[in-house]
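Student: Chains as they are written, first to last, in my numbering: chain A, 1 to 47; chain B, 1001 to 1992. Here it is, the structure, as structure tokens.
Right under this line is the structure:
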């Protein structure tokens, strides 16, 4: 039902960190990065 | 330092609170530089992070230790919804700023037609939903304080929670509620909240780093040990339902998405205190980043706590228990302050927002209904201030009552779900124009009812307030009404079950009722203002208030010094007298917005619409002066009516189509109408048939152009009797120059015409006598000659042949002369009929002038044309008019022929509705006496001619309706003007 989460939903450690934890934080970080990039591009009109 | 002493810890708390007061006070002092970028934006982003409360600080770790990664949903939801902030939040901010909205209840009330009952409903329900959340914060402060001082303290019975609660209330009053207008930037408060966000982030990261690297050897160790543990390894993946079902994840994501925007404190910081619309873009990435950082160490601390302390039931306090157990007191104090700052920031902002809702949407409607308007401003300000203390005290009471069966997170989630009930009406209201007040009302009511039934009741069961049997068998044994398996929906945990049903009924009812009901004018105009685009139809015209009324309103509801400033801003340098009607409408809308910022949309609308500012005394005065005015109007109206009735002329009024509306008494007599008869006539029906054709069109054209018309007509009575009359019609307009109809005066000229005709008859007889004298005089001369010749012939004294023949010839010539006189006389006396056609007058006059020039040349008379207008045409009998011109020219030539410098001047020009032929000469002229007789037949001052020339001129001119003007001075010359009418007897005249 939730394919996005079940990709990483397995009991394995990746670099010592649980795969699901790593996956969620990476996606989260990516979202922040994209939003910051978009805001920076659109922010040109801000005085 | 003895960290375990409650005195020293109390001192630290006090110092921290003082620090907050200082920060707020300094920020207020330097508010100007702090309101500029980048401070403004940084403060905004950090203030939004008031989202992370004591729940985040303690509860997240507790949730992570019990349910694994589920704690993340509360932060992933906001991070995901932030993706939509650049559009959704921006629109929310723009609308809220335009409408000067201060709370979420005000927002919903305003969206649905500034509805006071809807605002009250939302405010009451949201306040109820938020009290447990505030209780949660106070409880966290209380628990953490007790942990810090340890059980062995002598003064362990001391609980600083109440003190903290009251201090925070005072803080809110000082820096939040100093002014009623919450849309003003609360720099001090926002800066303090932002500083607290920094404190809690630093404290949490410090605690996490301490646990991860000081107690353990880094992330890997913690995760490796947890993964190896048979029970706790399950926390690292998503478990099977019901422990960590996808439904629960979905429900938690959904409610946290709604909560991050609609929770009273979030709405206050995110929307109301937003410094600039553009800052939303920065917040959209910086706020998720803050959440990411503060969550990095949640799982390590939770797992570290489980590995070290081993008991998941006390996991809420792991973050404080771990440093305490490791005897790292400084870390423990920082963590304690972090949790404290998270709690205080939330309490201050939430109590502020809630008190505003209580004041504006719950208390104010009652105050206004009680009509105590003079007290509104202070009552509202004081109730807001008091409201803060009430909210904080209620939270404290709840915290004391709650026996500790619920996890912090469970209490917080109940509040989240409560505020989520506002989401359909608030967020769909921004995009779906069709949503109605009734839909919002029913949806929100049902949502909250289901929230209480499916979530609060089970919580009360857990607390032991309600018997357990309710959850096992349903109320009264009706299983399908079981609060945790409503309508047989089972297989879900309590939370997702409650979220599903409450939102299902809320959204369903909102959509269904909205589709089935219609919006009133207020709702339509507000829907258009919120959703955007042109209003589907013009909203109803609001009442226009005068400037002085608006001034009084502002002074009544705002403090004096502020009122003057706002007034000068609103008037924008214009004098009240210069304001036009649209200006006043605009002013009224802006004044309503100013009041909205302080009193809420519904109350502001209530005050402006119903103009409660008029006291009873003033209202009585107004009514009396209105009655006076009506009385005096009635008096002057009666006076006017009696004047119209007493006039002898027919006075009538018509509508724009010309139908008679009123006719005065004289008019009814004249036209033969009975008093009761309603004449279905037009003004054309009171004209004789001939005149209707002759002047009817001209009158209609003149009236259509807004001009009047006057002229001679023949009137027509009801029984078809014609009478001579003079008609004058004027148009009547309203102040905007829109024609209302006409007023006409028809004057009966029967008697005047009769008198005139008698006069003419007498003149005719008189002139007949003079003419007879003239004829006798003319005939006497040849008769004298005949008589003498006849006498000579009859005497027999003449002889020969020549003389008698000469005598006979003389007699014959005398007879011929007499015959010629008789012929002239007959010609003059014969009845003449004109054969009128349209002629250009210059074409008649031109040839006459030419032949006069030819005739004048041998006599040394110069005939000149001074002016000859070629556009003058008239309906005349051309040959006869030529005869008129010729006669006048002949007289002029004869008058000048004996002068050496004889001169005749001719001109043709227009004068008003007439054409004028002017013939001037510098001849002998005539005396005034002669001038009076010049038109009599056989009157002449010349040695030759019969004296009929000017008489014929007069006759033909009379037949044309023209006039002859003569100016003459003996020895200097004569000027004759022939005035020829061009367009019938009458012409339109401009009126008014």
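Note that the Cβ used here is the ideal one computed from N, Cα and C, for glycine as well.
1. How close, in whole Å, do the beta carbons of residue 1267/B and residue 1103/B come, if the pair is a contact with beta carbons under 8 Å?
2. Name, please, each residue of chain A whose Cβ falls closer than 8 Å to the Cβ of residue 1069/B.
3. Are the C-beta of residue 36/A and some C-beta of chain B separated by less than 8 Å?
4. Can you name, in chain order, every residue of its own chain whose Cβ lies under 6 Å from the Cβ of residue 1887/B, other than the five neighbours on each side?
5. Do you know how far the Cα of residue 1168/B is from the Cα of residue 1017/B?
6. How should residue 1972/B be labelled, buried or exposed, when 16 other C-beta atoms within 10 angstroms of its C-beta is the threshold for buried?
7. Closer than 7 Å between beta carbons: that is the criterion. Which residues of the region 1217-1234 of chain B meet it against chain A?
8. On the three-state DSSP scale, how would you describe residue 1103/B?
9. From residue 1358/B to residue 1183/B, what distance separates their C-alpha atoms?
10. Should residue 1200/B and residue 1021/B be called a contact, given that it needs their Cβ atoms to be closer than 8 Å?
11. Quick one: grab the DSSP three-state call for residue 1856/B.
12. Suppose you measure from the CA of residue 1331/B to the CA of residue 1111/B; what does that come to, to the nearest Å?
13. Could you work out which residues of chain A lie near residue 1299/B, taking near to mean beta carbons separated by less than 9 Å?
14. List in chain order: all unbroken alpha helix (DSSP H) runs of 4+ residues lying wholly within the region 1056-1111 of chain B.
15. Are the region 1705-1719 of chain B and the region 1684-1694 of chain B touching, with three or more C-beta to C-beta distances below 8 Å?
16. Taking Cβ positions, are residue 1602/B and residue 1176/B nearer each other than 8 Å?
17. May I ask you to report which of helix, strand or coil DSSP gives residue 1154/B?
18. When you compare the CB of residue 32/A with every CB in chain B, is at least one pair closer than 8 Å?
19. Where residue 1663/B and residue 1736/B are concerned, what is the direct C-alpha to C-alpha distance, given to the nearest angstrom?
20. Span of the beta strand (DSSP E) holding residue 1709/B?
21. Identify whether residue 1804/B lies in helix, strand or coil by the three-state DSSP scheme.
22. Could you tell me whether any Cβ in chain A is nearer than 8 Å to the Cβ of residue 1281/B?
23. Using the C-alpha atoms, what's the distance from residue 1666/B back to residue 1645/B?
24. For the region 1201-1215 of chain B against the region 1033-1045 of chain B, do three or more pairs of beta-carbon atoms, one drawn from each stretch, fall closer than 8 Å, so that the two count as touching?
25. Where does the unbroken alpha helix (DSSP H) through residue 1929/B begin, and where does it stop?
26. Any Cβ of chain A within less than 8 Å of the Cβ of residue 1078/B?
27. Given this structure, state the Cα-to-Cα distance separating residue 1210/B from residue 1592/B, to the nearest angstrom.
28. Expressed to the nearest angstrom, what Euclidean distance is found between the alpha-carbon atoms of residue 1466/B and residue 1125/B?
29. Indicate the three-state DSSP secondary structure (helix, strand or coil) for residue 1013/B in the structure shown.
30. Can you check whether the C-beta of residue 1288/B is within less than 8 Å of a C-beta belonging to chain A?
31. Using a Cβ-Cβ cut-off of 7 Å (strictly less than) and excluding sequence neighbours within five positions of residue 1631/B, which residues of its own chain qualify?
32. Would you report the Cα separation of residue 1649/B and residue 1766/B, rounded to the nearest angstrom?
33. Would you grab the beta carbon distance between residue 1339/B and residue 1054/B for me? Rounded to a whole angstrom, and I think it's under 8 Å.
34. Since residue 1961/B and residue 1937/B are thought to touch, with beta carbons under 8 Å apart, how far apart are those beta carbons, to the nearest angstrom?
35. Would you mind giving the Cβ-Cβ distance between residue 1588/B and residue 1558/B, rounded to the nearest angstrom? I have them listed as a contact below 8 Å.
36. Entirely within the region 1680-1758 of chain B and at least 4 residues each: give me those alpha helix (DSSP H) ranges in chain order.
Tutor: According to the structure data:
1. Counting from 1 along the second chain, the entry for residue 1267/B is found at position 267. Counting from 1 along the second chain, the entry for residue 1103/B is found at position 103. Confirmed, about 7 Å.
2. Indexing the second chain from 1 puts residue 1069/B at position 69. Those within 8 Å of residue 1069/B in chain A are 20, 21, 24.
3. For this step, residue 36/A is matched to residue 36 along the first chain. Cβ-Cβ to chain B under 8 Å: yes for residue 36/A.
4. Here the question's residue 1887/B lines up with position 887 in the second chain. Contacts found: 1949, 1953.
5. As a working note, residue 1017/B is residue 17 in the second chain. As a working note, residue 1168/B is residue 168 in the second chain. If I take the Cα positions, the gap works out to 9 Å.
6. Here residue 1972/B refers to the residue found at position 972 when the second chain is read from its first residue. Answer is exposed; the Cβ neighbour count stays below 16.
7. 1219, 1220, 1223, 1224, 1227, 1233
8. The residue you call residue 1103/B lines up with position 103 of the second chain. Coil.
9. Along the second chain, one-based indexing puts residue 1358/B at 358. Along the second chain, one-based indexing puts residue 1183/B at 183. Rounded to the nearest angstrom, the two C-alpha atoms are 17 Å apart.
10. Your numbering for residue 1200/B matches position 200 in the second chain. Your numbering for residue 1021/B matches position 21 in the second chain. No, these two residues do not count as a Cβ contact at 8 Å.
11. Within the second chain, residue 1856/B is the residue found at index 856, counting from 1. Three-state DSSP puts residue 1856/B in a helix.
12. Taking the first residue of the second chain as position 1, residue 1331/B is located at position 331. Taking the first residue of the second chain as position 1, residue 1111/B is located at position 111. In a straight line, the C-alpha of residue 1331/B is about 49 Å away from that of residue 1111/B.
13. Position 299 of the second chain, counting from 1, holds the residue named residue 1299/B. Simply 18, 21.
14. 1060-1067, 1073-1081, 1088-1098, 1104-1111
15. yes
16. Taking the first residue of the second chain as 1, we reach residue 1602/B at position 602. Taking the first residue of the second chain as 1, we reach residue 1176/B at position 176. No.
17. Sequence index remark: in the second chain, residue 1154/B carries index 154 (1-based). Note that residue 1154/B scores a pLDDT of 42, beneath 50, so its modelled location is shaky and nothing firm can be said.
18. Working through the first chain from its first residue, we reach residue 32/A at position 32. Residue 32/A counts as touching chain B.
19. By one-based count along the second chain, residue 1663/B stands at place 663. By one-based count along the second chain, residue 1736/B stands at place 736. If you take the alpha carbons of residue 1663/B and residue 1736/B, they lie about 26 Å apart.
20. Indexing the second chain from 1 puts residue 1709/B at position 709. 1708-1716 is the span of the beta strand (DSSP E), which, as asked, contains residue 1709/B.
21. Sequence index remark: in the second chain, residue 1804/B carries index 804 (1-based). Note: residue 1804/B maps to helix in three-state DSSP.
22. Indexing the second chain from 1 puts residue 1281/B at position 281. Judged by the 8 Å Cβ criterion, residue 1281/B is in contact with chain A.
23. Locating residue 1645/B in the second chain gives position 645, counting from the first residue. Locating residue 1666/B in the second chain gives position 666, counting from the first residue. Taking the straight line from one Cα to the other gives about 7 Å.
24. no
25. Locating residue 1929/B in the second chain gives position 929, where the first residue counts as 1. Unbroken alpha helix (DSSP H) run through residue 1929/B: 1928-1933.
26. By one-based count along the second chain, residue 1078/B stands at place 78. False, the Cβ-Cβ gap to chain A never drops below 8 Å.
27. The residue given as residue 1210/B occupies position 210 in the second chain. The residue given as residue 1592/B occupies position 592 in the second chain. C-alpha separation (whole angstroms): 55 Å.
28. What you label residue 1466/B is simply residue 466 of the second chain in a count that begins at 1. What you label residue 1125/B is simply residue 125 of the second chain in a count that begins at 1. Distance between the alpha carbons of residue 1466/B and residue 1125/B: 21 Å.
29. Position 13 of the second chain, counting from 1, holds the residue named residue 1013/B. Correct three-state label for residue 1013/B: helix.
30. What you label residue 1288/B is simply residue 288 of the second chain in a count that begins at 1. With 8 Å as the cut-off, residue 1288/B counts as an interface residue toward chain A.
31. Sequence index remark: in the second chain, residue 1631/B carries index 631 (1-based). None.
32. As a working mapping, residue 1649/B is identified with position 649 in the second chain. As a working mapping, residue 1766/B is identified with position 766 in the second chain. Rounded to whole angstroms, residue 1649/B to residue 1766/B spans 35 Å at the Cα level.
33. One-based indexing of the second chain puts residue 1339/B at position 339. One-based indexing of the second chain puts residue 1054/B at position 54. Indeed they touch by this definition, with Cβ atoms about 5 Å apart.
34. In the second chain, the residue the question calls residue 1961/B occupies position 961. In the second chain, the residue the question calls residue 1937/B occupies position 937. Their Cβ separation, rounded to whole angstroms, is 21 Å, which puts residue 1961/B and residue 1937/B out of contact at 8 Å.
35. Walking along the second chain from the start, residue 1588/B turns up at place 588. Walking along the second chain from the start, residue 1558/B turns up at place 558. Not really, about 16 Å apart at Cβ, beyond 8 Å.
36. 1689-1704
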